[in-house]
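J.:
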Amino acid sequence: MPDTATIAEPTTLSYAMAVNAALRRALAERGDTILFGEDVALPGGVHGVTRRLRTEFGERVFDTPISESAILGGAIGAALMGRRPIVEIMWADFTFVAFDQLINQAANVRYVSQGRLHAPLTVRTQQGATPGSCAQHSQSVEALFAHIPGLRVCLPATPQDAYDLTLAAIGCDDPVIVIESRALYHSMKGPVTFGTEWPTIGGARTARPGTDITVVTWGATLHTALAAAEALHEEGLEAEVVDLRWLNPLDDRTVLESVARTGRLAVVHDANLTGGFGAEITSRVAENGIPLLAPPVRVGTNDLRIPAAPSLQGAAIPNAATVAERLMKACTAGSLS
Amino acid sequence: MPDTATIAEPTTLSYAMAVNAALRRALAERGDTILFGEDVALPGGVHGVTRRLRTEFGERVFDTPISESAILGGAIGAALMGRRPIVEIMWADFTFVAFDQLINQAANVRYVSQGRLHAPLTVRTQQGATPGSCAQHSQSVEALFAHIPGLRVCLPATPQDAYDLTLAAIGCDDPVIVIESRALYHSMKGPVTFGTEWPTIGGARTARPGTDITVVTWGATLHTALAAAEALHEEGLEAEVVDLRWLNPLDDRTVLESVARTGRLAVVHDANLTGGFGAEITSRVAENGIPLLAPPVRVGTNDLRIPAAPSLQGAAIPNAATVAERLMKACTAGSLS
Amino acid sequence: MHESDLNQYLNELTSMWRIRHFEEHVAQLRADNLIAGSVHLCNGQEAIYVGTCAALDLRRDAVFPTYRGHGWAIACGTPLDALFAELLGRAGGVNGGRGGSAYLSAPDHGLYGENSIVGAGAPIAAGAALAATFDGSGRITVAAFGEGAMNQGSVHEALNFAAVYQLPVLFIVENNRYSELTPIASMVRSDRLYSRASGYGMRGVRIDGNDIDTVRETAIQAAAHTRSGGGPVLIEAMTQRLVGHYFGDAQLYRPDGEVEQAREDEPIARLTRLLAARGVAQAELDAIRDAAHQEVAEAAKRALAAPLADPSTIEEHMYA
Amino acid sequence: MHESDLNQYLNELTSMWRIRHFEEHVAQLRADNLIAGSVHLCNGQEAIYVGTCAALDLRRDAVFPTYRGHGWAIACGTPLDALFAELLGRAGGVNGGRGGSAYLSAPDHGLYGENSIVGAGAPIAAGAALAATFDGSGRITVAAFGEGAMNQGSVHEALNFAAVYQLPVLFIVENNRYSELTPIASMVRSDRLYSRASGYGMRGVRIDGNDIDTVRETAIQAAAHTRSGGGPVLIEAMTQRLVGHYFGDAQLYRPDGEVEQAREDEPIARLTRLLAARGVAQAELDAIRDAAHQEVAEAAKRALAAPLADPSTIEEHMYA
Ligand SMILES: Cc1ncc(C[n+]2csc(CCOP(=O)(O)OP(=O)(O)O)c2C)c(N)n1
Ligand SMILES: Cc1ncc(C[n+]2csc(CCOP(=O)(O)OP(=O)(O)O)c2C)c(N)n1
Ligand SMILES: [Mg+2]
Ligand SMILES: [Mg+2]
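From first to last, the protein sequence lines stand for chains P, L, F and Y. Using this note's numbering, you'd call the opening residue of the first sequence number 1 and step up by one each time. Using this note's numbering, you'd call the opening residue of the second sequence number 1 and step up by one each time. Using this note's numbering, you'd call the opening residue of the third sequence number 1 and step up by one each time. Using this note's numbering, you'd call the opening residue of the fourth sequence number 1 and step up by one each time.
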């Protein structure tokens with residue numbers, strides 16, 4: 001692999017290898033980084049995301065016991081002492097065995113110490129359902145993290161963002177949860193420009209411009225939303241698709257500005273609806289008094305556990321067709337008053 | 001204490017003793033109940049909520065090691081086998097050391113087994129900030145539970161509800177999280193009618209009727225909202241205060257019906273705003289297309305960690321004065337379009 | 001050899017073959033993309049399941065394995081059709097396809113559920129044992145998990161919880177040396193995991209988990225001990241998997257020759273050698289293997305012909 | 001007695017008195033409602049803090065105690081004014097009043113933070129020790145927690161994590177027999193908690209935590225051992241609290257005579273008796289006590305006169 005830091009021409013990488021390139025750059029350029037987690041070092045990660053890093057960076061990259069509290073607590077302690085740990089929690093569903101270390105520990109460090117201490121750790125994890133994945137390996141749980149003040153949260157949806165957001169997370173002086181997409185790791189390839197600047201956190205991206213409705217989404221669901229927008233286009237409707245990328249910090253200005261133009265709002269996510277982050281987006285638009293031509297729409301999984309069978313998963317989780325149908329209805333729905 | 005089950009005249013009880021009366025009745029009438037947790041048996045609970053139950057019910061009430069995963073997992077296992085466990089997690093903040101047992105375990109039992117198994121357990125906990133309570137003992141975290149399909153969630157705000165909702169939770173054949181209020185345990189006394197029926201889950205309550213704005217709230221914040229409504233009343237404005245009581249099942253009909261009448265909506269909670277359950281309420285009203293005279297308002301804690309010093313806590317968390325001010329503004333704000 | 005002993009061995013051989021063939025069929029179905037997602041096979045660990053279940057009364061006892069639980073399910077007597085159907089996402093699966101390979105249950109057969117969160121089943125099994133101290137059932141429970149799970153907080157809490165109340169639960173550590181792709185030796189400083197038991201005031205033993213006699217006799221003793229109120233027992237059963245952690249694992253982390261050696265030491269080969277040495281005809285041994293194979297193949301065929309889980313049912317059974 | 005030994009003892013007596021008087025002042029301030037909320041006092045456990053800190057170099061070492069951490073803070077050298085101010089919710093508190101009694105930190109003095117989640121500080125302390133294996137600092141860390149915390153999953157994970165990487169961390173179990181209102185004997189089957197260490201392949205010892213000599217010498221040895229790469233050490237220091245779990249605890253759960261006996265065995269009384277027996281004049285011992293008292297009283301007075309934390313600052317320091 002070429003020296004990632006000095007290349008300006010885009011390279012085509014899978015989502016997984018884009019994360020790998022970011023980790024490699026961080027380990028190479030920042031001597032304070034260390035990387036650990038279950039199966040991340042010698043095996044190179046169960047999804048291959050961390051491969052070759054152990055070979056290249058030696059003991060700064062190491063495997064751990066199956067002890068998520070020790071992994072996260074260990075990262076916090078090392079961060080307090082000036083390291084910049086990058087840890088992997090293999091599935092977002094597994095964060096719950098050690099949630100305390102994120103909510104009650106990492107999130108409190110800076111505020112409670114009045115900034116005397118800080119905990120610049122990056123927690124990489126991944127989420128979502130894939131055919132056959134069981135109910136304990138399928139949840140989309142970003143809303144839980146996004147409700148915790150003190151934690152930065154992002155969900156890259158493209159190889160470029162997998163690269164940029166990972167670096168931004170590592171560079172951030174606060175704890176950041178990077179929620180990757182298992183479904184995209186090897187299925188999605190795309191151009192990645194490495195750049196020379198170190199990316200910083202925050203900022204939504206308008207993934208597709210449009211005039212008829214604003215569709216807010218994040219993470220792997222972006223691709224569902226884009227496919228639905230394409231279907232709308234064939235019906236003569238132009239959806240503007242906003243990829244939030246970061247739930248914290250939240251770039252609600254991009255959303256508000258877009259909705260003010262289109263007059264319609266839909267939020268699409270894989271997570272279940274009640275208490276999902278879609279509610280936050282809908283609320284921000286409402287409380288800012290942005291006039292809407294029709295009620296806002298949230299598309300997500302109904303409030304269900306996730307079944308393993310592909311036929312059931314397919315019916316539970318939004319797909320391009322069901323999203324397109326909902327968007328179409330939203331575009332043609334009557335005025336509010 | 002009199003035999004609680006047969007008395008129709010209201011008795012005056014503290015919030016804590018109302019919970020105690022419900023637990024006592026459940027243990028007396030349902031032989032399948034067992035009750036355990038840290039310090040709940042011989043000491044009668046660190047807040048005295050479970051006092052005398054060990055004496056009365058013997059080994060069905062017992063103290064545990066400081067092992068929240070074992071407590072919750074133990075309750076699930078016992079529930080699978082036909083017991084009806086009632087466990088205490090001393091502070092809601094501590095659920096995070098064992099969150100997996102609620103999210104990935106209890107919540108999945110019925111759905112994944114197609115109803116062949118079920119886990120009728122009740123998790124009692126309490127939350128909120130009280131003067132001096134530290135950042136790890138002060139959070140209001142109901143939104144996290146309310147985002148998990150499979151978990152029922154309630155927050156009693158009065159002694160009567162402390163009694164009724166606790167019984168309803170215990171009687172429910174699914175896992176229920178009862179989030180009590182530490183601040184109310186001994187400070188709030190009120191009439192409790194024991195009744196003869198066993199209460200069932202669900203249902204909001206209109207705690208104060210009004211015509212000018214609908215104020216949706218739950219848990220201890222109800223009293224903040226009622227005090228604010230009283231202040232509004234002195235200004236000639238009538239707020240209708242809806243106490244949700246249950247976030248799951250969510251009685252959104254009562255909310256929608258009220259907002260349709262008042263044309264204005266405010267949600268008030270102690271939890272921090274972003275991703276709080278206020279967003280869900282605001283979204284339900286918006287997506288149902290209920291016409292509003294002014295944008296909806298969410299009042300909560302800004303997205304902060306909770307400081308211990310009373311002077312700081314007072315500034316961070318909504319109180320009657322700050323809520324009244326926000327409600328007043330909401331009542332006088334101009335029309336949406 | 002007594003006739004009853006011989007029969008027992010032959011039954012055990014049948015059971016182990018049933019599991020082995022099941023797993024081999026699953027591997028093929030997964031390779032053919034008829035099963036979707038991760039599958040964790042237990043080839044080589046069969047003696048643990050068959051030997052332990054000999055000590056259980058599955059009308060009242062309850063077993064809590066992990067994602068690597070097909071062998072437990074079969075040893076408990078779960079019908080093969082319904083198991084295949086579950087993995088194949090069919091309506092007739094033990095959980096109608098909702099559980100899948102890694103999170104299925106069959107409580108009618110004492111299988112109270114696989115668990116795909118490492119360590120999470122241990123406190124649940126302890127709780128099921130706790131229920132037995134109230135309901136007069138005489139139930140004991142089994143919490144089974146891998147050696148890697150011994151470093152998970154919930155297992156620690158479960159062990160102490162069971163010890164303090166002397167709960168009737170057996171903790172079976174299936175020590176197959178690896179946790180996913182990482183050897184246990186790099187995750188603990190002392191690899192005598194059974195020795196942790198004494199710190200909780202609990203019995204702990206390490207046994208040869210590939211020897212059906214040892215597993216069965218240890219389990220019978222331990223079950224009697226715990227059923228009679230003697231408290232929990234931790235059994236560290238040494239074994240090896242003959243396959244990868246999950247289907248598709250290239251196993252680059254395993255030293256040369258390890259799997260070959262494991263094939264010599266695996267429980268079916270060992271029991272087969274023992275029976276041959278004691279005079280059982282090769283033809284009889286082959287017939288047992290082949291009958292199990294046929295039973296499994298037919299079950300798979302029936303499951304494949306059954307209808308997929310019906311998407312219109314997804315809203316059912318969320319709440320009481 | 002050598003003069004240097006004598007001086008050391010006298011300094012230790014001063015330090016222990018400083019802690020004791022601090023806690024007694026806190027109790028009074030809490031009783032007067034000048035301090036709000038729960039306070040957890042460490043009266044009777046002072047030798048653990050003073051003895052352990054003798055083994056530390058607080059310019060680089062890091063201590064992670066619990067909510068019962070005032071004694072550690074003082075033994076680390078945190079200024080009393082800023083500690084009182086923190087408990088009193090003053091702007092000049094070590095954390096400007098944000099941490100409070102149960103969750104304060106003073107990293108300038110090696111106090112990387114109390115923790116009010118039982119057991120949660122242990123993996124963090126292990127992580128701080130992990131950093132030392134990369135940064136060349138020679139740092140060791142101390143994770144201190146009560147005996148009840150030994151049943152928490154995170155402590156188990158931290159112990160194994162530290163053992164497997166041979167991290168430079170001391171785990172100090174302050175065994176004061178009770179966890180809140182429940183005796184340890186009812187939460188474990190084997191109460192020899194230090195014996196759990198061997199299961200992790202780690203050194204574990206139980207010591208008399210009320211004997212300043214024993215604590216200091218054990219800590220010095222253990223610190224040298226772990227600092228030189230010998231791996232973590234678990235020290236179970238037996239002690240008793242002279243007061244309730246938190247302020248206001250009526251301690252009905254303690255058997256008659258237990259607290260009276262504890263007053264005989266507590267470390268200040270013991271060191272005072274030892275020094276008196278070795279010929280130190282009662283007047284000198286009294287003077288030490290009184291000087292510490294005065295130092296503490298004056299600090300409290302200054303803190304009480306300082307301004308409260310300023311509500312207009314609450315939005316500061318949420319993020320970088
Ligand atoms: C809490 C949690 N952490 C990590 C994982 C990912 N994971 C699945 S299996 C496994 C290895 C378990 O090893 P072991 O306990 O030895 O059991 P084996 O798979 O060898 O049977 C890991 C780390 C998980 N499922 N749950
Ligand atoms: C995870 C968690 N569970 C429960 C509590 C409540 N709690 C606070 S202190 C305490 C007792 C701890 O006992 P021990 O570890 O012996 O320490 P000691 O208080 O005696 O110093 C408990 C249960 C908590 N703070 N955190
Ligand atoms: Mg293993
Ligand atoms: Mg204690």
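Ideal placement from N, C-alpha and C gives every residue a C-beta, glycine not left out. All figures in this text were calculated on a predicted structure; none of them were measured in a lab.
(1) Name the chain Y residues that come within less than 9 angstroms of M187(F), Cβ to Cβ?
(2) At 4 residues or longer, and completely inside the stretch 97-154 of chain F: list those alpha helix (DSSP H) runs for me, N to C.
(3) Is any heavy atom of ligand 3 found at a distance shorter than 8 angstroms from the C-beta of Y178(F)?
(4) Report whether the distance from the Cβ of E38(L) to the nearest heavy atom of ligand 4 is below 8 angstroms.
(5) Answer yes or no: does any C-beta atom of chain L fall closer than 9 angstroms to that of A36(Y)?
(6) Which residue comes first and which comes last in the alpha helix (DSSP H) that contains T52(Y)?
(7) Quick one, are the C-beta atoms of T226(F) and P267(F) less than 9 angstroms apart?
(8) For chain L, check one thing: does any of its Cβ atoms lie closer than 9 angstroms to the Cβ of A132(F)?
(9) For I35(F), which three-state DSSP category applies?
(10) Whether or not the stretch 269-287 of chain L and the stretch 209-219 of chain L are in contact is what I'm after, with contact meaning three or more pairs of Cβ atoms, one per stretch, closer than 8 angstroms; do they touch?
(11) Our contact map puts A119(P) next to I179(P) with C-beta atoms below 8 angstroms; I'd like the distance itself, whole angstroms only.
(12) According to a CB-to-CB cut-off of less than 9 angstroms, which residues of the stretch 85-102 of chain P neighbour chain L?
(13) Pairs of beta-carbons, one from the stretch 222-240 of chain L and one from the stretch 34-52 of chain L, closer than 8 angstroms: are there three or more?
(14) In chain L, which residues lie less than 9 angstroms from Y194(Y) when you measure between Cβ atoms?
(15) My parser needs the beta strand (DSSP E) runs of 3 or more residues fully inside the stretch 111-185 of chain P; what are they?
(16) I need the straight-line Cα distance from I235(F) to E147(F), nearest angstrom please.
(17) State the start and end residues of the unbroken alpha helix (DSSP H) segment that holds T313(Y).
(18) By the three-class DSSP mapping on this structure, what secondary structure does S228(F) have?
(19) Could you work out which residues of chain L lie near E257(P), taking near to mean beta carbons separated by less than 8 angstroms?
(20) For A47(Y), I'd like the list of residues in its chain whose CB is within less than 7 angstroms of its CB, leaving aside the five on either flank, ordered along the chain.
(21) What number of angstroms, rounded off, separates the C-alpha of G289(L) from the C-alpha of A294(P)?
(22) Answer yes or no: do A158(Y) and A144(Y) have a C-beta to C-beta separation smaller than 9 angstroms?
(23) If contact is defined by three or more beta carbon pairs under 8 angstroms, each pair taking one atom from either stretch, is the stretch 297-305 of chain F in contact with the stretch 249-267 of chain Y?
(24) Within a Cβ cutoff of 8 angstroms, which residues of the same chain sit near N176(Y), ignoring the five residues on either side of it in sequence?
(25) What I want to know is whether the C-beta of E46(Y) ends up closer than 8 angstroms to one or more non-hydrogen atoms of ligand 3.
(26) For A219(Y), which residues of its own chain have a beta-carbon under 6 angstroms away from its beta-carbon, when the five flanking residues on both sides are left out?
(27) How about I184(F): is its Cβ closer than 8 angstroms to a heavy atom in ligand 3?
(28) Closer than 8 angstroms: is that where the CB of S116(F) sits relative to any heavy atom of ligand 1?
(29) Quick check: the Cα distance between E174(F) and A237(F), rounded to an integer number of angstroms?
(30) Which residues mark the beginning and the end of the alpha helix (DSSP H) in which D81(Y) is found?
(31) Quick one: is the Cβ of G148(Y) within less than 8 angstroms of any heavy atom of ligand 4?
(32) Leaving out five residues on either side along the sequence, give the residues of the same chain with a beta carbon under 7 angstroms from the beta carbon of A330(P).
(33) Check the Cβ of E325(P) against every Cβ in chain L and list those closer than 7 angstroms, keeping chain order.
(34) Using beta carbons (cut-off 9 angstroms, strictly below), is C154(P) in contact with chain Y?
(35) Apart from the five residues just before and just after A324(L), which ones in its own chain have a Cβ nearer than 7 angstroms to its Cβ?
(36) Tell me, to the nearest whole angstrom, how far the beta carbon of L29(Y) is from that of L104(Y); I am working on the premise that it is less than 8 angstroms.
T.: Reading it off the structure:
(1) As a working mapping, residue 187(F) is identified with position 187 in the third sequence. N160, V164, listed in chain order.
(2) Taking 4 residues as the minimum length, the alpha helix (DSSP H) runs contained wholly in the stretch 97-154 of chain F are 121-135, in order along the chain.
(3) For this step, residue 178(F) is matched to residue 178 along the third sequence. Yes, the Cβ of Y178(F) comes within 8 angstroms of a heavy atom of ligand 3.
(4) What you label residue 38(L) is simply residue 38 of the second sequence in a count that begins at 1. Flag unset: Cβ of E38(L) not near ligand 4.
(5) Here residue 36(Y) corresponds to residue number 36 of the fourth sequence, with the count starting at 1. Interface residue, yes.
(6) By 1-based counting over the fourth sequence, the position of residue 52(Y) is 52. 46-53 is the span of the alpha helix (DSSP H), which, as asked, contains T52(Y).
(7) Sequence index remark: in the third sequence, residue 226(F) carries index 226 (1-based). Sequence index remark: in the third sequence, residue 267(F) carries index 267 (1-based). Not in contact: T226(F) and P267(F) (Cβ atoms no closer than 9 angstroms).
(8) Within the third sequence, residue 132(F) is the residue found at index 132, counting from 1. Yes, its Cβ sits closer than 9 angstroms to a Cβ of chain L.
(9) One-based indexing of the third sequence puts residue 35(F) at position 35. Coil at I35(F), not helix or strand.
(10) yes
(11) Position 119 of the first sequence, counted from the start, is the residue given in the question as residue 119(P). Position 179 of the first sequence, counted from the start, is the residue given in the question as residue 179(P). That pair is no contact at about 19 angstroms.
(12) Of all residues in the stretch 85-102 of chain P, D93, F94, T95, F96, V97, A98, F99, D100, Q101, L102 have a Cβ within less than 9 angstroms of some Cβ in chain L.
(13) no
(14) For the purposes of this step, residue 194(Y) is taken as the residue at position 194 of the fourth sequence. What Y194(Y) touches in chain L: nothing, since even the nearest Cβ is about 17 angstroms away.
(15) 122-127, 152-154, 176-181
(16) Translated into positions along the third sequence, residue 235(F) becomes position 235. Translated into positions along the third sequence, residue 147(F) becomes position 147. Spanning the two alpha carbons is a distance of roughly 11 angstroms.
(17) Here residue 313(Y) refers to the residue found at position 313 of the fourth sequence. First-last for T313(Y): undefined, no H or E at that position.
(18) For the purposes of this step, residue 228(F) is taken as residue 228 along the third sequence, with counting starting at 1. S228(F): coil per DSSP, three-state reduction.
(19) Position 257 of the first sequence, counted from the start, is the residue given in the question as residue 257(P). Neighbours of E257(P) on chain L: none; closest Cβ ~17 angstroms, over 8 angstroms.
(20) Mapped onto the fourth sequence, residue 47(Y) falls at position 47. If we look at A47(Y) and ignore the five residues flanking it on each side, its Cβ neighbours are M16, G209, N210, D211, I212, V215, P267.
(21) Along the second sequence, one-based indexing puts residue 289(L) at 289. Along the first sequence, one-based indexing puts residue 294(P) at 294. Computed Cα separation, rounded: 7 angstroms.
(22) The residue you call residue 158(Y) lines up with position 158 of the fourth sequence. The residue you call residue 144(Y) lines up with position 144 of the fourth sequence. For A158(Y) and A144(Y), no; Cβs fall outside 9 angstroms.
(23) Segments in contact, no.
(24) Against the fourth sequence, residue 176(Y) aligns to sequence position 176. Closer than 8 angstroms at the Cβ level, and outside the excluded window around N176(Y), lie G44, Q45, G146, E147, T239, Q240, R241.
(25) Counted from its first residue, the fourth sequence places residue 46(Y) at position 46. E46(Y) Cβ: outside cutoff for every heavy atom of ligand 3.
(26) Counting from one through the fourth sequence, the residue named residue 219(Y) turns up at place 219. G51, T52, A55, listed in sequence order.
(27) Translated into positions along the third sequence, residue 184(F) becomes position 184. Result yes, Cβ under 8 angstroms from ligand 3.
(28) Mapped onto the third sequence, residue 116(F) falls at position 116. Indeed, a heavy atom of ligand 1 lies less than 8 angstroms from the Cβ.
(29) The count along the third sequence starts at 1 and reaches residue 174(F) at position 174. The count along the third sequence starts at 1 and reaches residue 237(F) at position 237. If you take the alpha carbons of E174(F) and A237(F), they lie about 5 angstroms apart.
(30) In the fourth sequence, counting from the first residue as 1, residue 81(Y) sits at position 81. Here the alpha helix (DSSP H) through D81(Y) covers 80-87.
(31) As a first step, residue 148(Y) must be located in the fourth sequence, where it is residue number 148. Answer for G148(Y): yes, Cβ within range of ligand 4.
(32) Here residue 330(P) is taken as the residue at index 330 of the first sequence, counted from 1. Cβ neighbours of A330(P) beyond the five flanking positions: I213, R264, A266, A294, V297.
(33) Sequence index remark: in the first sequence, residue 325(P) carries index 325 (1-based). By Cβ distance, chain L contributes nothing, its closest Cβ being about 16 angstroms from E325(P), past 7 angstroms.
(34) If you number the first sequence from 1, residue 154(P) lands on position 154. No, C154(P) does not count as interfacial toward chain Y.
(35) Taking the second sequence and counting its residues from 1, one reaches residue 324(L) at position 324. Once the five neighbours on either side are set aside, the close Cβ partners of A324(L) are A228, A231, L232.
(36) Taking the fourth sequence and counting its residues from 1, one reaches residue 29(Y) at position 29. Taking the fourth sequence and counting its residues from 1, one reaches residue 104(Y) at position 104. The Cβ separation is near 15 angstroms, so there is no contact.
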